[in-house]
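Residue numbers (UniProt numbering): 1 to 539.
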Amino acid sequence: MITVFRAARIITMDPNRPEATHVAVRDGRVLAVGGADCADGWGAATLDERFAEQVILPGLIEAHAHVMAGGIWDYTYCGHYARTDPQGKVWDGVGDYNAIITRLRAVAASTPKGEPIIGWGLDPNFLAGRRFDKDHLDQVSTDHPVIVSHSNFHLMTVNSTALALAGFDAGTNIEGVMKGPDGTPNGELQEFAAMTPMCEASGYNFLNMATEPSLRAYGQVARLCGVTTVAELLSDLHENEVQMIERVVHDAAFPARYVPIMNAMVGDPEAEAARALALRARSTDKLSLGRAKLFTDGAIQGYTAKLKAPGYFTGEDNAIWNMELDHYRRAVEALHKAGVKTHIHTNGDAASEFAIEVYEEVMLKHPNPDLRHTLEHVQLATRDQFKRMKALGLTCNIFGNHIHYFGDIHWTKTLGPDRASRMNACRDAVEIFDNEFAIHSDAPITPMAPLVTAWATVNRVTETGRVLGTSQQITVPQALHCITLGAAHVLKLDHEIGSIQTGKHADFCVLAEDPLSVDPMALRDIEVVATVLGGEVTA
């Protein structure tokens, strides 16, 4: 059966035919693109005109988010911005400590004694007064461990009961367990070495929420914002989890292609490389496996990212490496030598520098022309660093949403006006990588919504209306490329997805308005009408 979809306009992302009005689909693949006669000669076809008044783009691609964007809503939202959960409920943002305490107290009142109270989304940078600590959360309850993840998920704040549960006291000597003037832990835990014992003691494993309900919710989050291919940037991917993923993703009701990326930070590097290759052999059209994730530094707004001089604008520099540096070097070499594509978390410019230097060393020993290793976030990467990345065959995935959601914090607190105005340097990346890079939401850090991410990189407008660096603004066509074919390039799937082109998967995003015609400031407000996966309209 051949189906021909008609639209008011089809923006294909194919430079050979940038626009069309009709696309023919057969067996889940694009058969032909063009006008009303594009399928003539292929056989009998059915004309589908349900999108005749709308605009069709390639299915949008979220190349950096986390499956906990579905599962985190099992816990209590404590963030600055209003957010919408997968069921469509809007959670108001909280503006002060009392509002957070009140929200968590309500949960504690209906929770059996001793069970943990979990919150997420906190960002103390937005709150007036002394920094959030255990004393604030002791006001919620001392009958429960109370644990609140910060919005960046690189830090958490816990109460006294939780500290005791994890065995943290004045004698604890773990990097990232912060202490007060009295020498005892103050409740703030920074980065993985400090947070992991708390997660293990409480059973709160935010690093891997790949349960079946979370994954199904993640698929719905993706569908609602026009995404037909969604990545998960840190999954353990042990056998039971992989079997669950295979079952869920291959269910016809799951509305997206899924790209989970394996946590390769824990085991022996050679063993992790072998595990990634074994996973790659299980890939299908709907499930792409075999990539690996490593970490360098932390989060800029948490003061744990590694910055070059002059360091942080205000506040204390608590920069932390999330992997022991020799282990990181060995992991990069083992994965690269085995031919495994890697995705490296780098926020600060010093972290990007370190990652680039390690790849320079490894590629001299083991040349490989196109594994397309990706530096993720690269929020402070400089133009010279982008040039070195390009020369090495590296690419990048830029955290474009940060400009809107945290730009004011970076301007006033973490970086200062100069560096904040050039952070997330998409214009530089367009010029150096020829637009072949991605932008992302890092959901649930910020909401998954590629049109919002595109809007953020085009306009660079902060919450308060400050335009944060006009020199790094990009055009709407460039931003749309980043959330379609550029993101496909970064995932090394551009031969299958990212453009509406003969032979590729028939994955489409249907919009109520034309993103190339509306005011760029209205880009984020365009309604997603539907998604089409493999030629089937998803529900």
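Where is the CB? At the ideal position from N, CA and C, for every residue including glycine.
Everything numeric in this text was worked out from a predicted model, so none of it was measured.
Taken in chain order, the complete alpha helix (DSSP H) segments of 4 residues or longer contained in the segment 48–105 are 68–71. In the structure shown, C426 adopts helical secondary structure according to DSSP, grouped into three states. Membership of N397 in the beta strand (DSSP E) is indicated by the continuous run 395–398. Annotation: the continuous alpha helix (DSSP H) that includes W455 extends over 450–459.
In the DSSP annotation of this structure, R29 is not part of any alpha helix (DSSP H); the continuous beta strand (DSSP E) holding it starts and ends at 29–34. The criterion of a C-beta distance shorter than 8 Å is satisfied by E212 and M244. By the C-beta criterion, the segment 468–477 is judged not to be in contact with the segment 92–102, since fewer than 3 inter-stretch pairs fall below 8 Å.
DSSP places T196 inside the alpha helix (DSSP H), whose first and last residues are 191–202. Each residue's CA atom was taken as its position, placing A273 and D434 some 31 Å apart. Put simply, of A82, E241, L325 the residue whose alpha carbon is nearest the alpha carbon of E357 is L325.
Under the DSSP definition of a beta bridge, P124 lacks any partner.
Here N435 carries a coil assignment [DSSP, helix/strand/coil]. In the same chain as S160, and ignoring 5 residues on each side of it, the C-beta atoms closer than 7 Å to its own belong to K134, D138, T142, in chain order. Under DSSP, E232 forms a beta bridge with P260.
Within the DSSP bridge table, the entry for V25 names T3, V30 as partners.
A distance below 8 Å separates the beta carbons of V23 and F5.
Taking a cut-off of 8 Å on C-beta distances, the segment 191–200 does not touch the segment 228–240, as fewer than three cross pairs fall below it.
Taking the C-beta atoms as reference points, N318 is found no nearer than 8 Å to T296. P185 sits in a strand when the DSSP states are folded into three classes.
The beta strand (DSSP E) runs lying completely inside the segment 367–422 and spanning 3 residues or more are 374–377, 395–398, given in chain order. A36 places its beta carbon 8 Å or farther from that of A45. In this structure, L364 is the residue among R247, L364, D349 with its C-alpha nearest to the C-alpha of E333. Along the segment 465–492, the alpha helix (DSSP H) occurs as fully enclosed runs of 4 or more residues at 476–482, 485–490, listed in sequence order.
Our two residues, G315 and T412, have alpha carbons roughly 11 Å apart in a direct line.
In this structure, DSSP gives S288 a state outside helix and strand, which the three-state scheme calls coil.
Excluding five sequence positions before and after H489, the CB atoms of its chain that fall closer than 8 Å to its own CB belong to R372, T395, E436, F437, A438, G498, given in chain order.
Per DSSP, T346 is not a residue of any alpha helix (DSSP H); the beta strand (DSSP E) it occupies stretches across 342–346. N16 is classed as exposed because its beta carbon has fewer than 16 other beta carbons within 10 Å across all chains shown.
A check of alpha carbon separations from E353 across P367, I11, Q385 identifies Q385 as the nearest.
In this structure, V148 sits near M156, with a CB-CB distance shorter than 8 Å. Beta bridge pairing from DSSP links I10 with A20, I56.
Distance between R282 and L289, taken at the CA atoms: about 7 Å.
Taking 8 Å as the upper bound for CB-CB distance, P185 and H144 are not in contact here, some 18 Å apart. Pairing P369 with E431, the inter-Cα distance amounts to about 21 Å.
When DSSP states are grouped into helix, strand and coil, E316 belongs to the coil group. Nearest to A82 by C-alpha distance, out of V532, E463, P477, is E463.
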